[in-house]
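*Asks:* Under the numbering used here, residue 119 is the last one in the sequence shown; the count climbs by one each step, no gaps.
Glycine residues also receive a C-beta, built at the ideal position from the N, C-alpha and C atoms.
As the structure is a computational prediction, the values presented were derived from the model and not from experiment.
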Amino acid sequence: ELDTVLEALELHFSPGYTNRVVLSCVPAGKGILGHTDDFGPAIRTKSMHCHIPLITHSSIKMGFGKENSREYHLKQGHLYSMDETLWHYVKNPSRVDRIHLLLAYFPHDGNIQTLVKEH
């Protein structure tokens, strides 16, 4: 339930709101090629992009950086904030579809924290 997610965000960050909520699926054995996301300066500078893995597997990795990339396994049920304007990709070699809840969170006080930070 979205209200529960927002309450959890407000426990770790200042009160705020969201206007972008997406369920993202990376099918078993597939991936997402390296890319950057840019939702424009108003969103990029005022919101925090969050991933909450709902269904995952330990072999599923999200990587950041074209050269010397760093890969992370995002644990189910944890909240991660990241800068999606950085080059990133997903590898899903597992037999499980990877499902993440993605949202843009806008803290009322403008205090934005970025780059794969687990809460």
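(1) What three-state label does DSSP hand Glu84 in the structure shown?
(2) Under three-state DSSP, which class holds Pro15?
(3) Buried or exposed: which applies to Leu79, given that a residue is buried once 16 or more other Cβ atoms fall within 10 Å of its Cβ?
(4) Compare the C-beta of Thr4 with all C-beta atoms of chain C and state if any pair is closer than 8 Å.
(5) Just to confirm, are Gly31 and Lys75 a CB contact at a threshold of 8 Å?
(6) How many whole angstroms separate the CB atoms of Ile60 and Leu101, which I take to be in contact at a CB cut-off of 8 Å?
(7) Rounding to the nearest angstrom, what Cα-Cα distance links Cys25 and Arg98 in this structure?
(8) Assuming His108 contacts Pro27 (C-beta within less than 8 Å), just tell me the rounded distance between them.
(9) Would the beta-carbon of Leu23 be found less than 7 Å away from any heavy atom of the ligand NAP?
(10) Do Ser81 and Met48 come within 8 Å of each other at the CB atom, strictly closer than that value?
(11) Does the beta-carbon distance from Phe123 to His88 come in below 8 Å?
*Replies:* The structure says:
(1) On the sequence shown, residue 84 is found 84 positions in, with the first residue counted as 1. Reduced to three states, the DSSP call for Glu84 is coil.
(2) Here residue 15 is taken as the residue at index 15 of the sequence shown, counted from 1. It is coil, neither helix nor strand.
(3) Position 79 of the sequence shown holds residue 79. Flag for Leu79 reads buried.
(4) Going by chain labels, chain C is absent from the structure shown, which holds only one protein chain.
(5) Indexing the sequence shown from 1 puts residue 31 at position 31. Indexing the sequence shown from 1 puts residue 75 at position 75. No, the pair does not count as a contact, with Cβ atoms beyond the cut-off.
(6) As a position in the sequence shown, residue 60 is number 60, starting the count at 1. As a position in the sequence shown, residue 101 is number 101, starting the count at 1. Between Leu101 and Ile60 the Cβ distance is about 15 Å, and since that is not below 8 Å, they are no contact.
(7) Stepping through the sequence shown from its first residue, residue 25 is reached at position 25. Stepping through the sequence shown from its first residue, residue 98 is reached at position 98. When rounded, the distance between both Cα atoms is 5 Å.
(8) Stepping through the sequence shown from its first residue, residue 108 is reached at position 108. Stepping through the sequence shown from its first residue, residue 27 is reached at position 27. Between Pro27 and His108 the Cβ distance is about 37 Å, and since that is not below 8 Å, they are no contact.
(9) The ligand NAP is not part of the structure shown, which contains no ligands of any sort.
(10) Numbered from 1 along the sequence shown, position 48 holds the residue referred to as residue 48. Numbered from 1 along the sequence shown, position 81 holds the residue referred to as residue 81. In this structure, Met48 sits near Ser81, with a CB-CB distance shorter than 8 Å.
(11) Residue 123 lies beyond the residue range present for the chain, which begins at 1 and ends at 119; the question has no answer from this structure.
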